[in-house]
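Novice: My numbering numbers the first residue of the sequence shown as 52 and each following residue consecutively.
Mind having a look at this structure? Questions to follow.
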Amino acid sequence: MSNQPFLPYGRQWVDEADIAAVVEVLRGDFLTTGPAVGQFEQRLAAATGASHAVACNSGTSALHMMYAAMGVGQGDEIITSPLTFAATANAAHYLGASVKFVDVTPDTGNLDPALIAAAVTPRTKLIVPVDFGGHPADYDAIHAVAAAHNLPVAADAAHSLGGSYHGRPVGTLATATEVSLHPVKPITTAEGGAVLTSDAGIAERAARFRTHGITRDPALLSSDEGPWFYEQIELGFNYRLTDVQAALGSSQLAKLGAFIARRQAIAARYHEALADLTAVELPTERAGVKSGWHLYALRVRDAARRRPLFERLRELGLGVQVHYLPVYRHPWYRANGYADVTCPNADDYYAREISLPVFPRMTDAEQDSAIERIRQAVTELL
Ligand SMILES: Cc1ncc(COP(=O)(O)O)c(C=O)c1O
């Protein structure tokens, strides 16, 4: 084992201002959804350029709300990338829909727009790009295919809040966008997520789905029985965020720009320090794209050497991770109709990938020590 500090691949940065914001809510009247949630939603929308933010208790819930609000239902299909956390696909299955996995481009690991058209069927309801590692997908090309087939685009931006694509911020790149507020993500509410959209109907349906499908809107009620009256008009869930979490979210949001700038600086230092290691391939950022650098995804050129390198980095105290086993390879997917699916680029990406530590709180000294350990392991093993 190394006696150098353990560095995880990602972690939150909670400071005294965040703690004070949470304590203030704890001393007040509202613990669960109250004014802090509405305030956080307004700030999140303003920060991303969306007209509406509907906050909820996880990114997974946000995906479920978003798909439901965009009309995904029994027998429908969504098109998405297999190089993602299972939640992107699971949320379609929650609604009785299924997934057409479309392969990724080798440079970014994002959905390949050129392969989407072949996956469209009469049952396709939604195209869902995933901004892998924080790098926004190729939205212009994806929208072109989507428009040709009259399909909406919904983004899984769990990794990319704070990023942009040709000057347009994440949150405005699709009809609706899901973000995750888990601790390793750009900002955190512990668990949490949100749907961002400029479509008022989607926002309204997502918000209703978040609270059991219940409405108090007089225009939607079947009768007027009094000021207490509400009705459940569809099947929904309890996916509410709490005020305690929303206070943390608002406080964290004020630092989003600084967090992303720090992630970019860390990525730039890795690029420079590892550029001469020919046995590994470094992640790229396409022209015009600002990645949120949620992940720094290294790829070993020889897939057979990934495991020894991973194990050595762990021995040296680096909490490296691998992102992601292509979703269709999970046993549940194999047992539920996806056993024959393969996407060669996603398989190759997975086979060679190792995510290095990248989180805003990592100091230059910590990164220097990570770089030293990475160079040592690569030189020893590759
Ligand atoms: C790409 C992607 N989508 C969705 C999610 C789900 O987010 P959450 O963990 O907040 O439910 C994650 C979480 O890791 C993710 O990485």
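Built from N, CA and C at the ideal position, the CB exists for glycine as well.
Assign Phe136 to one of two classes, buried (16 or more other C-beta atoms within 10 Å of its C-beta) or exposed (fewer than that).
Specialist: Answer is buried; the Cβ neighbour count reaches 16.
Novice: Buried or exposed: where does Glu404 fall if 16 or more other Cβ atoms within 10 Å of its Cβ makes it buried?
Specialist: Counting Cβ neighbours within 10 Å, Glu404 comes out buried, since at least 16 surround it.
Novice: My understanding is that Gly122 touches Asp294, with C-beta atoms under 8 Å, so please give their C-beta distance in whole angstroms.
Specialist: The pair is not a contact, with the Cβ atoms about 31 Å apart (cut-off 8 Å).
Novice: What does Gly370 pair with, by DSSP beta-bridge criteria?
Specialist: Answer by DSSP bridge pairing, in chain order: Pro59.
Novice: Name the residue from Pro395, Leu134 and Lys151 whose alpha carbon lies nearest to the alpha carbon of His186.
Specialist: Leu134
Novice: DSSP puts Gln93 in a beta bridge; with which residues?
Specialist: None; Gln93 has no bridge partner.
Novice: Just the Cα atoms here: how many angstroms apart are Asp158 and Ala397?
Specialist: 11 Å
Novice: Tell me whether the region 267-279 and the region 218-233 touch, counting them as touching only if at least three CB pairs, one residue from each stretch, are closer than 8 Å.
Specialist: no
Novice: Identify which residue in Lys341, Gln296, His233 and Asp399 has its Cα closest to the Cα of Gly61.
Specialist: His233
Novice: Using only alpha-carbon positions, find the residue among Asn161, Tyr145, Ala104 and Val105 that is nearest to Val340.
Specialist: Among Asn161, Tyr145, Ala104 and Val105, the Cα nearest to that of Val340 belongs to Asn161.
Novice: What number of angstroms, rounded off, separates the C-alpha of Tyr216 from the C-alpha of Tyr190?
Specialist: If you draw a straight line from the Cα of Tyr216 to the Cα of Tyr190, it comes to about 8 Å.
Novice: For the alpha helix (DSSP H) that Tyr400 lies in, which residues bound it at each end?
Specialist: Where Tyr400 is concerned, the enclosing alpha helix (DSSP H) stretches over Pro395 to Arg403.
Novice: Using only the alpha-carbon positions, how far apart do Pro203 and Ala225 sit?
Specialist: 8 Å
Novice: Are the CB atoms of Gly213 and Gly343 nearer to each other than 8 Å?
Specialist: Yes; because the gap between Cβ atoms is below 8 Å, this pair is in contact.
Novice: Quick one: is Gln283 buried, meaning 16 or more other Cβ sit within 10 Å of its Cβ, or exposed?
Specialist: Per the 10 Å Cβ criterion, exposed.
Novice: Is there contact between the region 358-367 and the region 114-131, where contact requires at least three CB pairs shorter than 8 Å?
Specialist: no
Novice: Could you pull the start and end residues of the alpha helix (DSSP H) that Leu325 belongs to?
Specialist: Leu307 to Leu325
Novice: Helix, strand or coil, according to DSSP, for Pro164 in the structure here?
Specialist: helix
Novice: In its own chain, which residues sit with a C-beta less than 7 Å from the C-beta of Pro237, not counting the 5 before and 5 after it?
Specialist: Leu212, Gly213, Leu307, Phe310, Ile311, Gly343 and His345
Novice: On the CB-based measure, 16 or more other CB atoms within 10 Å of its CB, does Arg267 come out buried or exposed?
Specialist: When all chains shown are included, Arg267 counts as exposed.
Novice: Taking the straight line between their C-alpha atoms, what separation do you get for Asn108 and Arg256?
Specialist: Asn108 and Arg256: Cα-Cα distance of roughly 16 Å.
Novice: Count the other C-beta atoms from every protein chain shown that fall within 10 angstroms of the C-beta of Pro334, then say buried if there are 16 or more, exposed otherwise.
Specialist: buried
Novice: Less than 8 Å between the beta carbons of Arg352 and Ala330, yes or no?
Specialist: Their beta carbons are under 8 Å apart, which means Arg352 touches Ala330 by this criterion.
Novice: For ligand 1, is there any heavy atom lying closer than 7 Å to the beta carbon of Ala34?
Specialist: As shown, the chain starts at 52 and ends at 433. That puts residue 34 outside it, with no answer to give.
Novice: Gly244 lies in the beta strand (DSSP E); which residues open and close that run?
Specialist: Gly244 to Thr248
Novice: With DSSP collapsed to three states, give me the class of Phe81.
Specialist: Phe81 sits in coil when the DSSP states are folded into three classes, being neither helix nor strand.
Novice: So the candidates are Leu286, Ser249 and Asp154; which of them puts its Cα closest to the Cα of Ser261?
Specialist: One point to set straight first is that residue 261 is Arg, not Ser, in the sequence displayed. It is Leu286 whose Cα lies nearest to the Cα of Arg261.
Novice: Say yes only if the C-beta of Ala104 is nearer than 7 Å to one or more non-hydrogen atoms of ligand 1, and no if none qualify.
Specialist: no
Novice: Using the C-alpha atoms, what's the distance from Gln55 back to Val392?
Specialist: 42 Å
Novice: Tell me the residue span of the alpha helix (DSSP H) that contains Phe260.
Specialist: Ala251 to Arg261
Novice: So, Ala205 versus Met117, is the Cβ gap smaller than 8 Å?
Specialist: yes
Novice: Does the beta-carbon of Leu114, which I'm using as the reference point, lie nearer than 7 Å to any heavy atom of ligand 1?
Specialist: yes
Novice: Check whether the Cβ of Ser301 sits closer than 7 Å to any heavy atom of ligand 1, and report yes or no.
Specialist: In this structure, the C-beta of Ser301 stays at least 7 Å away from each heavy atom of ligand 1.
Novice: Applying the criterion that 16 or more other CB atoms from any shown protein chain within 10 Å of the CB defines a buried residue, is Asp458 buried or exposed?
Specialist: It is not possible to answer for residue 458, since the shown part of the chain is limited to 52 through 433.
Novice: With distances taken Cα to Cα, identify the nearest neighbour of Glu229 among Thr239, Gln93 and Ala209.
Specialist: Ala209
Novice: Report yes if the C-beta distance between Glu128 and Ala142 is below 8 Å; otherwise report no.
Specialist: no
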